[in-house]
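In the numbering used here, each residue's number is its place in the sequence shown (first place is 1) plus 37. All C-beta atoms in this analysis are idealised placements derived from N, C-alpha and C, irrespective of residue type, glycine included. None of these values were measured; they are calculated from a predicted model. Take a look at the structure set out below.
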Amino acid sequence: MEMPAPNSEILSRKHELLTRLRAVLPDDAVIGDEAETRVYECDALTAYKCPPLAAILPSSTQEVSDALKICHDMGVPVVPRGAGTSLAGGALPTADSVILGIARMNDVLEVDYDNRFIRVQAGRTNLSVSDAVAEEDFFYAPDPSSQLACAIGGNIAMNSGGAHCLKYGVTTNNLMGVTMVTMDGSIVEIGGAHLDAGGLDLLGLVCGSEGQLGVVTEATLRILRKPEGARPVLVAYDSNEVAGQCVSDIIQAGVLPVAIEFMDRPCIRATEAFAKAGYPDCEALLIIEVEGSESEIADQLALIRQIAERHNPIEFREAMDADQAARIWLGRKSAFGAMGQINDYMCLDGTIPVSQLPYVLRRIGEMSKEYGLGVGNVFHAGDGNMHPLILYDANKPGDLEKCEAFGADILKLCVEVGGCLTGEHGVGIEKRDLMVNQFDPVDLECQMAVKDVFDPAWLLNPAKVFPLASSHGRRMAAE
């Protein structure tokens, strides 16, 4: 995948840059050694790598501001990085850029149970936010599969979701405010500890902007009371299309489970070998979880069973206790790691109308045969957020290129049926040149004009989101 050529002038001024950064940051927070910067050469999209010019690890909003002022003054691009779990290359550096990692910014700053919010530094991990309020029976709803490692700042950048987003929404639905530093070092407060801010919805603009507008350093998040109870069921089918139709029927019936997850046979086999969750031998399975009081759970599961049985399931398994519930979820939570044990893969993130699930699953199967590459499907079926895992051999010449072409065709299919290129992983580098398939030139120009306002020199997270020729041209014009 093509990246812009490094700016030779910036490379030649590396010593000056490091000297100035060390004047405002602790010595151990500035990494300039070439071998040490290789730690930051890629994120979870490991097919593409590029060591940065340097990396910095600030511990506060003020340190971020001081560092950005220096980079802005010297015309040095900056790539914000959360925990590096991005599957779309969102934190991939360029050779002339500085990685700004927020991992050291992980404190809880304030908790208010009466008004149901928590304020944290943006480097705090997703799961640890819920851990911080668990003793008072509260939780933070968005739960990406990488929640053990992923950072809140990265969640905000990509508008991340998770298994329970069907009921509780994604990050934007649970974000109340941010502290953000723009490229020139200005510190701005957007939103706050209240339901809605007046004026323009700048918070909605920032959430999902992929580090293009500023570096989020603190976040005020909505926390919720834990439900009275929750119970998952596992439903197994002998066809992907039938399982997809069952999901569509459940949503059409007006039932709102907290989660509906889908796994097909390749993923089931991999997770059974890896996690031994005790899944049945089937082509596809659904994990459906409902919550509420015992009577509410019983009523919802009765309707779900009725709908599921219209499609002749191989098995309908209801968790009877906490251990059985954990085992139902075990394979799903282990799926990405399990697939990585058997093959290199690229994980996609297209979103489609739920009614199109049967058709899209069939077409993915047909395209898999056409390209000669295997596919494992594991995804948030309730809101149509597809996660096809395309299997390829990184050591086989031409396989990566074939995988990229296959992935592009799947994402184009998602747009064709009324969906979009990304549900929660972001555009990054993976989908930037497919943006023209979803947006016309006027749409893209409007989006780039917003970036012009926040980052006129186009120094933040270069070569991402927008078609490479457009973003590179914009940056050159600003110099």
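Integer-rounded CB distance, given that residue j should sit under 8 angstroms from residue i
i      : j      : result
Gly460 : Asp386 : 6 angstroms
Thr122 : Gly191 : 7 angstroms
Pro130 : Glu78  : 7 angstroms
Ala431 : Gln378 : Incorrect: roughly 14 angstroms between the Cβ atoms, too far for contact.
Asp381 : Tyr429 : 6 angstroms
Leu261 : Ala178 : 6 angstroms
Glu100 : Val61  : 7 angstroms
Ser276 : Glu320 : 6 angstroms
Under the three-state DSSP convention, the category residue i falls into
i      : result
Asp477 : coil
Asn211 : coil
Glu247 : coil
Phe503 : coil
Tyr382 : strand
Thr83  : coil
Leu497 : strand
Ile47  : helix
Pro425 : strand
Gly444 : helix
Ile466 : coil
Thr56  : helix
Thr219 : coil
His509 : helix
His231 : coil
Leu68  : According to the sequence provided, residue 68 is Ile. The question's Leu does not apply to it. Strand.
Glu453 : helix
Gly206 : coil
His417 : strand
Ala431 : coil
Glu194 : Correcting the residue identity first, residue 194 is Ala in this sequence and not Glu. Ala194 falls in the helix class under three-state DSSP.
Ile389 : coil
Glu560 : Absent from the structure is residue 560, since the part of the chain shown begins at 38 and ends at 516.
Val61  : helix
C-alpha distance - residue i paired with residue j, whole-angstrom precision
i      : j      : result
Asp95  : Ala356 : According to the sequence provided, residue 95 is Pro. The question's Asp does not apply to it. About 45 angstroms.
Cys451 : Val207 : 20 angstroms
Leu212 : Ile155 : 10 angstroms
Gly455 : His509 : 30 angstroms
Met142 : Ala290 : 44 angstroms
Val284 : Asp133 : 47 angstroms
Leu448 : Cys384 : 11 angstroms
Tyr150 : Val170 : 9 angstroms
Ala194 : Gly248 : 6 angstroms
Ile47  : Pro88  : 15 angstroms
Gly444 : Ser392 : 21 angstroms
Met404 : Asp446 : 8 angstroms
Ala442 : Asp360 : 42 angstroms
Arg161 : Leu82  : 22 angstroms
Arg512 : Asp221 : 15 angstroms
Pro269 : Ile351 : 17 angstroms
Gly18  : Ile139 : With the chain covering only 38 through 516, there is no way to say anything about residue 18.
Leu203 : Asp180 : 11 angstroms
Leu505 : Arg469 : 7 angstroms
Gly235 : Gly228 : 8 angstroms
Met485 : Gly465 : 15 angstroms
Ser97  : Asp103 : 10 angstroms
Val116 : Pro499 : 7 angstroms
Gly421 : Phe299 : 10 angstroms
Arg50  : Thr56  : 10 angstroms
Ala335 : Leu322 : 21 angstroms
Asp174 : Val166 : 13 angstroms
Ala418 : Cys187 : 22 angstroms
Outcome for residue i when other beta-carbon atoms lying within 10 angstroms are tallied against a minimum of 16
i      : result
Met217 : buried
Glu73  : exposed
Tyr274 : buried
Cys304 : buried
Ala515 : exposed
Glu255 : buried
Leu497 : buried
Glu147 : exposed
Lys488 : buried
Leu90  : buried
Cys483 : exposed
Gln184 : buried
His424 : buried
His201 : buried
Asn163 : buried
Cβ of residue i within 8 angstroms of any chain D Cβ
i      : result
Glu438 : Going by chain labels, chain D is absent from the structure shown, which holds only one protein chain.
Legend entry - Residue ranges of each beta strand (DSSP E) within the segment 115–189, 3 or longer: 115–118, 135–138, 145–149, 154–158
Legend entry - 4 or more residues per run - each alpha helix (DSSP H) lying fully within the segment 321–378: 331–346
Inset, instruction - With a floor of 4 residues, list each alpha helix (DSSP H) that falls wholly inside the segment 282–327, ordered by position along the chain. - result: 302–312
Inset, instruction - Only counting runs of 4 or more residues, tell me where the alpha helix (DSSP H) segments fall wholly within the segment 249–284, in order along the chain. - result: none
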